[in-house]
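Enquirer: Pasting a structure below so you can have a look.
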Amino acid sequence: MLAWYGHGEPDVVAEFEAANNVKFKPKYYAGGDNMLGLIAQSPPGTYDVILSDGEFVQQLNAAGYIDELNAADYPFDDMLYEDFQKFPGHWKDGKLFSMMVRFGHLGVSYNKNAISAEEAMSYSCFWKPEVKGKVGHFDWHLPSLGMISLYDGNGASLWDLNKSQWNKVQNTTLSLRPQVGGFFDYGGTFNSLKNGEMLAMCGIGDWITGVLEKDGAPVGSVVPKEGGIQWTESYCIGKGSEKADIVKKFIQYMLSPQGQVKSAQMAAYPGFAITKSGRAKLIEVDRKEAERTGQIDGMANDPITLVKEGRIHYRNIPVQQSLEDWNDFWSEYKNA
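Take 98 as the starting number for the sequence shown in this note's numbering and just add one per residue.
Put into C-alpha coordinates, the structure is as follows:
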(Lines of atoms letter the chains of each structure in order from A and count residues from 1; the text may use other names and numbers.)
(Lines give C-alpha, C1' and ligand atoms only; values in the text may rest on other atoms or scores of the structure.)
Protein backbone atom coordinates (compact mmCIF):
# COMPACT_ATOMS: atom_id res chain seq x y z
CA MET A 1 0.00 0.00 0.00
CA LEU A 2 1.13 3.51 -0.88
CA ALA A 3 -0.90 6.13 0.99
CA TRP A 4 -1.03 9.20 3.17
CA TYR A 5 -0.12 8.41 6.78
CA GLY A 6 -2.70 6.42 8.74
CA HIS A 7 -4.45 4.44 6.01
CA GLY A 8 -2.61 1.21 6.72
CA GLU A 9 -2.84 1.46 10.52
CA PRO A 10 -4.73 -1.10 12.65
CA ASP A 11 -7.66 1.21 13.47
CA VAL A 12 -8.53 1.22 9.76
CA VAL A 13 -7.39 -2.16 8.40
CA ALA A 14 -7.12 -4.68 11.29
CA GLU A 15 -10.71 -5.90 10.95
CA PHE A 16 -10.31 -6.41 7.19
CA GLU A 17 -6.93 -8.12 7.66
CA ALA A 18 -8.39 -10.58 10.17
CA ALA A 19 -11.43 -11.38 8.03
CA ASN A 20 -9.39 -11.92 4.86
CA ASN A 21 -6.12 -13.31 6.23
CA VAL A 22 -4.02 -10.54 4.67
CA LYS A 23 -1.46 -8.08 6.02
CA PHE A 24 -0.96 -4.56 4.71
CA LYS A 25 2.57 -3.25 4.32
CA PRO A 26 2.08 0.53 4.05
CA LYS A 27 4.53 3.05 2.64
CA TYR A 28 3.48 6.60 3.47
CA TYR A 29 3.90 9.82 1.48
CA ALA A 30 2.89 13.47 1.87
CA GLY A 31 1.66 15.31 -1.23
CA GLY A 32 0.98 14.05 -4.73
CA ASP A 33 4.36 15.14 -6.11
CA ASN A 34 6.00 12.90 -3.48
CA MET A 35 3.65 10.03 -4.36
CA LEU A 36 4.48 10.20 -8.09
CA GLY A 37 8.20 10.24 -7.29
CA LEU A 38 7.98 7.11 -5.12
CA ILE A 39 6.09 5.16 -7.79
CA ALA A 40 8.51 6.27 -10.52
CA GLN A 41 11.43 4.87 -8.48
CA SER A 42 9.77 1.47 -7.94
CA PRO A 43 9.35 -1.51 -10.28
CA PRO A 44 5.80 -2.11 -11.60
CA GLY A 45 3.77 -4.22 -9.18
CA THR A 46 5.49 -2.79 -6.08
CA TYR A 47 2.27 -1.19 -4.86
CA ASP A 48 -0.94 -3.22 -4.99
CA VAL A 49 -3.16 -0.43 -3.72
CA ILE A 50 -2.46 3.28 -4.14
CA LEU A 51 -4.35 5.96 -2.26
CA SER A 52 -4.21 9.07 -4.43
CA ASP A 53 -5.42 12.61 -4.01
CA GLY A 54 -8.15 13.12 -6.58
CA GLU A 55 -6.23 15.67 -8.64
CA PHE A 56 -3.32 13.27 -9.22
CA VAL A 57 -5.30 10.31 -10.56
CA GLN A 58 -5.06 11.62 -14.13
CA GLN A 59 -1.26 11.72 -13.84
CA LEU A 60 -1.12 8.19 -12.41
CA ASN A 61 -3.22 7.07 -15.35
CA ALA A 62 -1.22 8.99 -17.97
CA ALA A 63 2.00 7.47 -16.62
CA GLY A 64 0.53 3.96 -16.79
CA TYR A 65 0.82 3.38 -13.04
CA ILE A 66 -2.74 2.15 -12.40
CA ASP A 67 -5.16 -0.41 -13.80
CA GLU A 68 -8.75 0.04 -14.91
CA LEU A 69 -11.49 -0.70 -12.36
CA ASN A 70 -14.88 -2.26 -13.08
CA ALA A 71 -17.47 0.41 -12.20
CA ALA A 72 -20.09 -2.31 -11.55
CA ASP A 73 -18.06 -3.42 -8.50
CA TYR A 74 -18.69 -0.18 -6.59
CA PRO A 75 -21.74 1.51 -4.99
CA PHE A 76 -22.13 4.60 -7.18
CA ASP A 77 -25.86 4.76 -6.49
CA ASP A 78 -25.05 5.24 -2.78
CA MET A 79 -22.95 8.39 -3.32
CA LEU A 80 -24.06 11.45 -1.34
CA TYR A 81 -23.56 13.80 -4.27
CA GLU A 82 -23.90 13.23 -8.01
CA ASP A 83 -20.51 14.86 -8.76
CA PHE A 84 -18.84 12.05 -6.82
CA GLN A 85 -20.19 9.51 -9.31
CA LYS A 86 -18.15 11.02 -12.15
CA PHE A 87 -15.43 12.76 -10.19
CA PRO A 88 -12.99 14.80 -12.33
CA GLY A 89 -9.95 12.82 -13.48
CA HIS A 90 -11.23 9.48 -12.19
CA TRP A 91 -12.68 8.38 -15.53
CA LYS A 92 -11.13 8.31 -18.97
CA ASP A 93 -12.99 7.43 -22.17
CA GLY A 94 -15.86 6.08 -20.07
CA LYS A 95 -13.55 3.82 -18.05
CA LEU A 96 -13.05 4.03 -14.27
CA PHE A 97 -9.49 4.19 -12.92
CA SER A 98 -9.90 5.30 -9.31
CA MET A 99 -12.60 5.00 -6.67
CA MET A 100 -13.26 7.92 -4.36
CA VAL A 101 -13.52 6.82 -0.71
CA ARG A 102 -13.43 10.00 1.43
CA PHE A 103 -13.01 13.76 1.29
CA GLY A 104 -12.46 16.76 3.51
CA HIS A 105 -12.39 20.53 3.43
CA LEU A 106 -9.50 22.96 3.81
CA GLY A 107 -9.83 26.54 5.02
CA VAL A 108 -8.75 28.65 7.99
CA SER A 109 -7.33 26.58 10.85
CA TYR A 110 -6.81 28.59 14.00
CA ASN A 111 -6.40 28.76 17.76
CA LYS A 112 -9.68 30.05 19.18
CA ASN A 113 -7.87 31.96 21.94
CA ALA A 114 -5.93 34.03 19.39
CA ILE A 115 -8.39 34.47 16.52
CA SER A 116 -12.14 34.95 16.88
CA ALA A 117 -14.73 32.96 14.96
CA GLU A 118 -15.61 36.15 13.04
CA GLU A 119 -11.97 36.84 12.11
CA ALA A 120 -11.53 33.23 10.97
CA MET A 121 -14.22 33.77 8.32
CA SER A 122 -11.56 35.41 6.12
CA TYR A 123 -8.05 34.38 5.14
CA SER A 124 -7.10 37.95 6.11
CA CYS A 125 -6.78 36.69 9.71
CA PHE A 126 -3.40 35.19 8.73
CA TRP A 127 -2.12 38.78 8.46
CA LYS A 128 -3.42 39.76 11.93
CA PRO A 129 -0.57 41.60 13.76
CA GLU A 130 -1.17 39.65 16.98
CA VAL A 131 -0.25 36.34 15.33
CA LYS A 132 3.00 37.55 13.72
CA GLY A 133 5.54 34.74 13.75
CA LYS A 134 2.82 32.31 14.80
CA VAL A 135 1.31 31.45 11.42
CA GLY A 136 2.41 28.08 10.09
CA HIS A 137 2.17 26.43 6.70
CA PHE A 138 1.59 22.79 5.91
CA ASP A 139 4.66 22.35 3.71
CA TRP A 140 3.02 21.64 0.35
CA HIS A 141 2.43 24.30 -2.27
CA LEU A 142 -0.99 23.27 -3.63
CA PRO A 143 -3.27 23.89 -0.62
CA SER A 144 -1.56 27.07 0.61
CA LEU A 145 -1.25 28.73 -2.80
CA GLY A 146 -4.82 27.67 -3.59
CA MET A 147 -6.01 29.48 -0.47
CA ILE A 148 -4.06 32.62 -1.35
CA SER A 149 -5.60 32.46 -4.83
CA LEU A 150 -9.06 32.36 -3.24
CA TYR A 151 -8.12 35.29 -0.98
CA ASP A 152 -7.06 37.20 -4.11
CA GLY A 153 -10.60 36.79 -5.43
CA ASN A 154 -10.00 34.16 -8.11
CA GLY A 155 -12.96 32.06 -6.97
CA ALA A 156 -13.71 29.03 -9.12
CA SER A 157 -10.72 29.91 -11.35
CA LEU A 158 -8.30 29.55 -8.43
CA TRP A 159 -6.14 27.00 -10.30
CA ASP A 160 -6.48 28.62 -13.74
CA LEU A 161 -4.36 31.75 -13.38
CA ASN A 162 -3.09 33.96 -16.17
CA LYS A 163 0.30 35.63 -15.83
CA SER A 164 -0.90 38.71 -13.93
CA GLN A 165 -3.10 36.64 -11.58
CA TRP A 166 -0.20 34.26 -10.88
CA ASN A 167 2.09 37.23 -10.20
CA LYS A 168 -0.49 38.64 -7.81
CA VAL A 169 -0.79 35.32 -5.96
CA GLN A 170 3.00 35.25 -5.59
CA ASN A 171 3.10 38.82 -4.27
CA THR A 172 0.23 38.23 -1.84
CA THR A 173 1.95 35.07 -0.61
CA LEU A 174 5.29 36.87 -0.13
CA SER A 175 3.48 39.57 1.88
CA LEU A 176 2.49 36.84 4.37
CA ARG A 177 6.10 35.70 4.89
CA PRO A 178 6.85 37.99 7.90
CA GLN A 179 3.89 36.39 9.71
CA VAL A 180 5.14 32.86 9.15
CA GLY A 181 6.92 30.97 11.91
CA GLY A 182 7.47 27.68 10.16
CA PHE A 183 6.73 25.14 7.44
CA PHE A 184 5.66 21.78 8.79
CA ASP A 185 5.09 18.18 7.81
CA TYR A 186 2.06 16.25 9.10
CA GLY A 187 3.54 15.67 12.57
CA GLY A 188 4.94 19.19 12.88
CA THR A 189 1.66 20.79 11.80
CA PHE A 190 -0.15 18.73 14.39
CA ASN A 191 2.27 19.36 17.27
CA SER A 192 2.80 23.08 16.66
CA LEU A 193 -0.95 23.69 16.83
CA LYS A 194 -1.30 21.38 19.82
CA ASN A 195 1.37 23.11 21.91
CA GLY A 196 0.40 26.64 20.83
CA GLU A 197 3.70 27.28 19.05
CA MET A 198 1.54 28.20 16.02
CA LEU A 199 -1.76 30.04 16.42
CA ALA A 200 -2.95 29.71 12.82
CA MET A 201 -2.14 27.31 10.02
CA CYS A 202 -2.45 27.84 6.27
CA GLY A 203 -2.96 24.86 3.97
CA ILE A 204 -4.92 22.52 6.23
CA GLY A 205 -8.39 21.94 7.67
CA ASP A 206 -10.27 19.61 9.98
CA TRP A 207 -8.06 16.68 8.95
CA ILE A 208 -5.49 18.14 11.36
CA THR A 209 -7.55 20.22 13.80
CA GLY A 210 -10.31 17.60 14.16
CA VAL A 211 -8.02 15.19 15.98
CA LEU A 212 -6.83 17.98 18.30
CA GLU A 213 -10.34 19.34 18.83
CA LYS A 214 -11.58 15.91 19.89
CA ASP A 215 -8.76 15.88 22.45
CA GLY A 216 -9.93 19.22 23.86
CA ALA A 217 -7.44 21.63 22.22
CA PRO A 218 -8.86 25.14 21.54
CA VAL A 219 -8.47 24.85 17.77
CA GLY A 220 -10.84 24.62 14.85
CA SER A 221 -11.18 24.92 11.09
CA VAL A 222 -13.76 26.83 9.06
CA VAL A 223 -14.51 27.48 5.41
CA PRO A 224 -14.10 31.28 5.15
CA LYS A 225 -16.12 33.70 3.02
CA GLU A 226 -13.58 33.53 0.17
CA GLY A 227 -14.24 29.80 -0.11
CA GLY A 228 -12.47 26.58 0.79
CA ILE A 229 -10.79 23.67 -0.97
CA GLN A 230 -11.78 20.01 -1.07
CA TRP A 231 -9.25 17.25 -0.73
CA THR A 232 -10.43 13.98 -2.21
CA GLU A 233 -8.89 10.58 -1.57
CA SER A 234 -9.36 7.69 -3.93
CA TYR A 235 -8.09 4.13 -4.21
CA CYS A 236 -6.43 2.76 -7.33
CA ILE A 237 -5.09 -0.70 -8.16
CA GLY A 238 -1.39 -0.52 -8.97
CA LYS A 239 -0.36 -1.60 -12.48
CA GLY A 240 1.06 -5.11 -12.43
CA SER A 241 -0.38 -6.00 -9.03
CA GLU A 242 -0.91 -9.71 -8.44
CA LYS A 243 -3.42 -8.94 -5.68
CA ALA A 244 -6.06 -7.02 -7.64
CA ASP A 245 -8.90 -9.22 -6.34
CA ILE A 246 -8.18 -8.57 -2.66
CA VAL A 247 -7.60 -4.87 -3.37
CA LYS A 248 -11.04 -4.71 -5.02
CA LYS A 249 -12.51 -6.35 -1.92
CA PHE A 250 -10.70 -3.83 0.30
CA ILE A 251 -12.01 -0.84 -1.69
CA GLN A 252 -15.52 -2.31 -1.41
CA TYR A 253 -14.98 -2.69 2.34
CA MET A 254 -13.90 0.95 2.70
CA LEU A 255 -17.11 1.99 0.88
CA SER A 256 -19.32 -0.22 3.07
CA PRO A 257 -21.07 1.49 6.02
CA GLN A 258 -18.55 0.09 8.53
CA GLY A 259 -15.60 1.07 6.30
CA GLN A 260 -16.95 4.60 5.96
CA VAL A 261 -17.22 4.87 9.75
CA LYS A 262 -13.60 3.68 10.13
CA SER A 263 -12.58 6.39 7.65
CA ALA A 264 -14.61 9.06 9.49
CA GLN A 265 -13.05 8.05 12.81
CA MET A 266 -9.53 7.42 11.46
CA ALA A 267 -7.02 8.09 14.24
CA ALA A 268 -4.50 9.81 11.94
CA TYR A 269 -6.98 12.23 10.39
CA PRO A 270 -10.75 12.20 9.88
CA GLY A 271 -12.50 12.36 6.52
CA PHE A 272 -16.14 12.83 5.55
CA ALA A 273 -18.30 9.87 4.56
CA ILE A 274 -19.09 9.88 0.83
CA THR A 275 -21.95 7.37 0.84
CA LYS A 276 -25.49 7.80 2.14
CA SER A 277 -25.27 4.52 4.06
CA GLY A 278 -21.88 5.52 5.50
CA ARG A 279 -23.25 8.82 6.78
CA ALA A 280 -26.31 7.06 8.26
CA LYS A 281 -24.06 4.53 10.03
CA LEU A 282 -21.83 7.30 11.41
CA ILE A 283 -24.87 9.13 12.83
CA GLU A 284 -26.02 5.85 14.38
CA VAL A 285 -22.73 4.87 16.05
CA ASP A 286 -21.00 8.24 16.66
CA ARG A 287 -23.53 11.07 16.54
CA LYS A 288 -21.12 13.38 18.37
CA GLU A 289 -18.58 13.17 15.53
CA ALA A 290 -21.31 13.49 12.89
CA GLU A 291 -22.51 16.70 14.60
CA ARG A 292 -18.97 18.04 15.06
CA THR A 293 -18.32 17.72 11.34
CA GLY A 294 -21.76 18.75 10.05
CA GLN A 295 -22.51 15.31 8.60
CA ILE A 296 -26.21 15.52 9.39
CA ASP A 297 -28.78 16.71 6.84
CA GLY A 298 -29.85 20.28 7.52
CA MET A 299 -26.75 21.41 9.42
CA ALA A 300 -25.34 24.73 8.17
CA ASN A 301 -21.84 23.28 7.79
CA ASP A 302 -22.95 20.07 6.06
CA PRO A 303 -19.99 19.45 3.71
CA ILE A 304 -22.31 18.50 0.83
CA THR A 305 -24.25 21.77 1.27
CA LEU A 306 -20.98 23.74 1.12
CA VAL A 307 -20.09 22.01 -2.17
CA LYS A 308 -23.56 22.65 -3.63
CA GLU A 309 -23.44 26.32 -2.60
CA GLY A 310 -20.18 26.80 -4.51
CA ARG A 311 -18.21 27.62 -1.35
CA ILE A 312 -15.93 24.63 -1.88
CA HIS A 313 -13.61 24.12 -4.84
CA TYR A 314 -12.08 20.75 -5.71
CA ARG A 315 -8.32 20.80 -5.34
CA ASN A 316 -6.63 20.67 -8.70
CA ILE A 317 -3.20 21.15 -10.23
CA PRO A 318 -2.23 24.44 -11.91
CA VAL A 319 -3.75 24.90 -15.36
CA GLN A 320 -1.58 27.63 -16.95
CA GLN A 321 1.59 26.93 -14.96
CA SER A 322 3.27 23.59 -14.26
CA LEU A 323 3.50 21.87 -10.88
CA GLU A 324 7.23 22.69 -11.08
CA ASP A 325 6.44 26.42 -11.43
CA TRP A 326 4.36 26.35 -8.26
CA ASN A 327 6.88 24.21 -6.41
CA ASP A 328 9.79 26.47 -7.46
CA PHE A 329 7.96 29.52 -6.16
CA TRP A 330 7.15 27.67 -2.94
CA SER A 331 10.87 26.95 -2.41
CA GLU A 332 11.67 30.60 -3.09
CA TYR A 333 8.96 31.70 -0.63
CA LYS A 334 10.25 29.38 2.10
CA ASN A 335 13.74 30.82 1.70
CA ALA A 336 12.58 34.46 1.54
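Virtual Cβ for every residue (Gly too), placed ideally from N, Cα, C. Small disclaimer: the values here were computed from a predicted structure and weren't measured.
Note the first and the last residue of the continuous alpha helix (DSSP H) segment covering Trp427.
Expert: Its alpha helix (DSSP H) spans residues 420-431.
Enquirer: Around the C-beta of Ala370, are 16 or more other C-beta atoms found within 10 angstroms, so that it is buried, or is it exposed?
Expert: Buried, by the Cβ-count rule.
Enquirer: In the DSSP assignment, what are the bridge partners of Ala100?
Expert: Its beta-bridge partners are Tyr125.
Enquirer: Among the residues of its own chain, which have a CB less than 7 Å from the CB of Lys189, if the five just before and after it don't count?
Expert: Here the set comprises Asn158.
Enquirer: Taking the beta strand (DSSP E) that Thr329 falls in, what are its first and last residues?
Expert: It spans 325-335 - the beta strand (DSSP E) in which Thr329 sits, taken as one unbroken run.
Enquirer: Nearest to Ser219 by CA position, among His238, Ser246, Phe200, is which residue?
Expert: Residue Ser246 is the option with its Cα nearest to Ser219.
Enquirer: Let's see if you can read the secondary structure: which residues bound the beta strand (DSSP E) around Gln361?
Expert: Checking the sequence shown, residue 361 turns out to be Ala, not Gln. First-last for Ala361: 354-361, but that is the alpha helix (DSSP H), not the beta strand (DSSP E).
Enquirer: Select from Tyr430, Pro140, Glu406 the residue whose C-alpha is nearest the C-alpha of Val266.
Expert: Ranking the options by Cα distance to Val266, first place goes to Tyr430.
Enquirer: With distances taken Cα to Cα, identify the nearest neighbour of Val205 among Asn117, Tyr248, Gly191, Ala341.
Expert: The option with the nearest alpha carbon to Val205 is Tyr248.
Enquirer: Applying the 10 Å Cβ sphere with the 16-neighbour rule, what's the burial state of Glu227?
Expert: The residue in question, Glu227, is exposed, as its Cβ has fewer than 16 Cβ neighbours within 10 Å.
Enquirer: Per DSSP, which one or two residues make a beta bridge with Thr372?
Expert: Answer is Met176.
Enquirer: Please go through the same chain and pick out, in chain order, the residues whose beta-carbon is closer than 8 Å to the beta-carbon of Ile301, but skip the five residues on each side of it.
Expert: Answer for Ile301: Leu203, Ser206, Phe235, Pro240, Thr286, Ser318, listed in chain order.
Enquirer: Would you tell me roughly how many angstroms separate the C-alpha atoms of Asp175 and Asp303, rounded to the nearest one?
Expert: Distance between the alpha carbons of Asp175 and Asp303: 24 Å.
Enquirer: Using the three-state DSSP reduction, which class does Met244 fall into: helix, strand or coil?
Expert: In this structure, Met244 counts as helix in the three-state DSSP scheme.
Enquirer: If Ala433 and Tyr283 are in contact, beta carbons under 8 Å, what's the gap, nearest whole angstrom?
Expert: Actually they are not in contact, since the Cβ atoms of Ala433 and Tyr283 sit about 24 Å apart, beyond 8 Å.
Enquirer: Going by the CB atoms, is the gap between Asp170 and Gln349 shorter than 8 Å?
Expert: Yes, the pair counts as a contact, with Cβ atoms nearer than the cut-off.
Enquirer: Could you give the distance in angstroms between the alpha-carbon of Ser419 and the alpha-carbon of Thr269?
Expert: Going from the Cα of Ser419 to the Cα of Thr269 covers about 19 Å.
Enquirer: Starting from the Cα of Gly105, find the closest Cα among Ile147, Glu386, Ala168 and give me that residue.
Expert: It is Ile147.
Enquirer: Under a Cβ-count criterion, where at least 16 other Cβ atoms within 10 Å of its own Cβ denotes burial, should Pro415 be classed as buried or exposed?
Expert: With 16 or more other Cβ atoms within 10 Å, it is buried.
Enquirer: In the DSSP assignment, find the alpha helix (DSSP H) that holds Gly284 and state where it starts and stops.
Expert: Residues 283-291.
Enquirer: Taking 8 Å as the cut-off, decide whether the C-beta atoms of Val49 and Lys359 are in contact.
Expert: Only positions 98 to 433 of the chain appear in this structure, which leaves residue 49 out of reach.
Enquirer: Assign Gly191 to one of two classes, buried (16 or more other C-beta atoms within 10 Å of its C-beta) or exposed (fewer than that).
Expert: It is exposed - the Cβ of Gly191 has fewer than 16 other Cβ atoms within 10 Å.
Enquirer: Taking the straight line between their C-alpha atoms, what separation do you get for Gly325 and Asn251?
Expert: Using only the alpha carbons, I get a separation of about 12 Å.
Enquirer: Apart from the five residues on each side of it in sequence, which residues of its chain come closer than 6 Å, Cβ to Cβ, to Tyr162?
Expert: Around Tyr162: Ile136, Lys336.
Enquirer: Which residues mark the beginning and the end of the alpha helix (DSSP H) in which Phe113 is found?
Expert: Looking at the DSSP string, the run of the alpha helix (DSSP H) that includes Phe113 is 107-117.
Enquirer: Since Gly279 and Gly233 should fall inside the 8 Å C-beta cutoff, what is the C-beta to C-beta distance between them, to a whole number of angstroms?
Expert: Contact holds; Cβ gap of about 5 Å.
Enquirer: Figure out for me which residue from Asp422, Trp224, Tyr332, Gly395 has the closest Cα to the Cα of Arg199.
Expert: Taking only the C-alpha atoms, the option nearest Arg199 is Tyr332.
Enquirer: Anyone know if the C-beta pair for Glu152 and Gly186 falls short of 8 Å?
Expert: Contact: yes.
Enquirer: Can you tell me the Cα-Cα spacing of Tyr178 and Ile401, whole angstroms?
Expert: Cα to Cα, Tyr178 sits roughly 7 Å from Ile401.
Enquirer: When we look at the beta-carbon of Asn208 and count the other beta-carbons within 10 Å, is it buried (16 or more) or exposed?
Expert: The residue in question, Asn208, is buried, as its Cβ has 16 or more Cβ neighbours within 10 Å.
Enquirer: Return the residue from the list Gly129, Ala364, His410, Glu421 that minimises the CA-CA distance to Leu255.
Expert: For the residues Gly129, Ala364, His410, Glu421, the minimum Cα distance to Leu255 belongs to His410.
Enquirer: Grouping DSSP H, G and I as helix and E and B as strand, with all else coil, what is Leu133?
Expert: Helix, per DSSP.
Enquirer: Using the DSSP secondary-structure output, state which residues sit across from Asn259 in a beta bridge.
Expert: BP columns for Asn259 are empty, so no partner.
Enquirer: With a cut-off of 8 Å on the beta carbons, I'd call Lys120 and Met98 a contact; round off their distance for me.
Expert: Contact flag wrong, Cβ pair sits at about 10 Å.
Enquirer: So, are the CB atoms of Arg408 and Val316 less than 8 Å apart?
Expert: No.
Enquirer: Going by DSSP, what residues sit across from Tyr207 in a beta bridge?
Expert: DSSP lists Ala297, Gly317 as partners of Tyr207.
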